[in-house]
Every structure is written in structure tokens, then in C-alpha cells.
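Single-structure report; data block below.
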Amino acid sequence: KLTRWTEEYQEFLYEETLKMLTSIPQLQGMSPWILVDFRSPRRVLPGIQDGWNRKGLISEEGKRKKAFYTLQKYYQSKD
């Protein structure tokens with residue numbers, strides 16, 4: 062079972078979104094919502110967000126998340 066707020070869940074969301082986008086013949090491009098996690102005082106969920114917006118493909122420490130590689134593979138398939 063996928064758990065919200067995990068890297069695996071983010072990866073799953075990207076996989077599903079990319080499947081949907083691939084089915085739109087008129088689509089000319091796309092961009093991820095957030096590239097790098099950043100501080101956000103509105104994200105206060107203890108133990109999960111802790112003052113960070115964690116929707117990025119790269120963590121605040123510069124670590125590439127699983128969804129980064131999912132999107133990388135998608136972009137490479139478009140070459």
C-alpha cells in the first residue's frame with residue numbers, strides 16, 4: 062500500500078500523471094511543479110513537513126528523489 066507523503070507516493074503520482082499526459086496528442090510540453098524542496102512556514106505537519114514544502118524532485122540536501130528519475134526517464138524517452 063502506498064502511503065501519502067512518501068517518496069514512493071510522489072513517484073507513483075508522477076508515473077500516473079505522465080501516463081495521462083502521454084495520452085494527450087496535442088500536449089507540447091510540461092514542467093514539474095517544484096524542482097527543489099524549500100522552507101515554508103505554512104507547512105507545519107509534524108514529522109512530515111516540519112516547515113518544508115517537500116513536493117520537489119530534489120530534497121533540501123540536494124538528494125534526487127525517486128520521482129526525479131521517473132521524470133528523467135520520461136524526458137529521455139522524448140528525445
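Residue numbering for the sequence shown follows this note's numbering, beginning at 62 and increasing consecutively. All residues carry an ideal CB built from backbone N, CA and C; glycine is no exception.
Checklist entry - Exposed or buried, what is residue 115 when buried is set at 16 or more other beta-carbons lying within 10 Å of its beta-carbon? => result Position 54 of the sequence shown, counted from the start, is the residue given in the question as residue 115. Classification of residue 115: buried, given that the 10 Å Cβ count is 16 or more.
Checklist entry - Given that a residue counts as buried once 16 or more other Cβ atoms are within 10 Å of its Cβ, and exposed if not, what is residue 71? => result Here residue 71 is taken as the residue at index 10 of the sequence shown, counted from 1. It counts as buried.
Next on the checklist: Assuming contact is defined by CB atoms lying nearer than 8 Å, are residue 126 and residue 118 in contact in what I supplied?
Outcome noted: Along the sequence shown, one-based indexing puts residue 126 at 65. Along the sequence shown, one-based indexing puts residue 118 at 57. One thing to note: residue 126 has its Cβ within 8 Å of the Cβ of residue 118.
Item to check | Sheet register partners of residue 99 (DSSP bridge) | outcome: For the purposes of this step, residue 99 is taken as the residue at position 38 of the sequence shown. According to DSSP, residue 99 bridges with 114.
Checklist entry - If you draw a straight line from the C-alpha of residue 97 to the C-alpha of residue 121, how long is it? => result Sequence index remark: in the sequence shown, residue 97 carries index 36 (1-based). Sequence index remark: in the sequence shown, residue 121 carries index 60 (1-based). Those two C-alpha atoms are separated by around 7 Å.
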